[in-house]
Amino acid sequence: MAYTIVHHVEKCTGCEECVKACAEGHAGLSNCRILKVGNKFAYFSCLQCKKPQCAAACPVGALVRKGEVVAFYQKECVGCKNCMEACPWGVPRFNFYVGTIGKCDLCWERVAKGEKPFCVSACPNAALELKETKGEGS
4 MAYTIVHHVE
14 KCTGCEECVK
24 ACAEGHAGLS
34 NCRILKVGNK
44 FAYFSCLQCK
54 KPQCAAACPV
64 GALVRKGEVV
74 AFYQKECVGC
84 KNCMEACPWG
94 VPRFNFYVGT
104 IGKCDLCWER
114 VAKGEKPFCV
124 SACPNAALEL
134 KETKGEGS
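Position one of the sequence shown corresponds to residue 4 (the numbering used here), numbered consecutively onward.
Encoded structure:
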């Protein structure tokens, strides 16, 4: 299944429950952010690039394009931070708690088990939605 996380701006109150849940599910570091833009709030996370520069820069294959997702394998990561420098959006962030980077991979392992990403599950206003999309080959 190809999918994405849709942010419904009109429902978002900026409570950051999504950010907290993401951090709890990912060793203390959130892989998403809520940014205040005027009087509204914007959800920001990895754009899941078709040709991810972060993955190309990773010397150990910890970041890999897997279908529609740029998957992150934390056990493979050596903490070199090459991906942080390569990403034009500044998405990968160093997690000092575990000594590796962190980035949103749409919680692909949870979704594969029929669960929602941490951020989507935590939103009290249904401002985040896991939505199926047409894949590259569709």
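All C-beta atoms, glycine included, are put in the ideal place defined by N, C-alpha and C.
Spatial neighbours of residue i in its chain, beta-carbon cut-off 8 Å, leaving aside the 5 residues before and after
i	result
ALA59	ALA89
GLY93	MET87
ARG36	VAL22, TYR46, PHE47 and SER48
Extent of the continuous alpha helix (DSSP H) run through residue i
i	result
ALA125	121-125
LYS23	20-28
Candidates the options, of which the one nearest residue i by Cα
i	options	result
ARG68	PRO91, GLN51 and GLU27	GLN51
CYS57	ARG113, GLU118 and CYS107	CYS107
HIS29	ASN98, GLU13, ALA115 and ALA125	ASN98
Span of the beta strand (DSSP E) around residue i
i	result
ASN85	Taken as a continuous stretch (DSSP letters only), ASN85 belongs to no beta strand (DSSP E), being part of the alpha helix (DSSP H) at 85-89.
Residue i, buried or exposed, once every other Cβ within 10 Å from all chains shown has been counted against 16
i	result
TYR46	buried
GLY105	buried
HIS11	exposed
Pairwise C-alpha distance: residue j and residue i
i	j	result
LEU109	LEU131	12 Å
LYS39	CYS15	11 Å
PHE121	PRO127	12 Å
LEU66	ALA74	6 Å
Nonlocal neighbours in the same chain, by C-beta distance under 7 Å from residue i, ignoring five residues either side
i	result
ASN85	ALA60, CYS61 and PRO62
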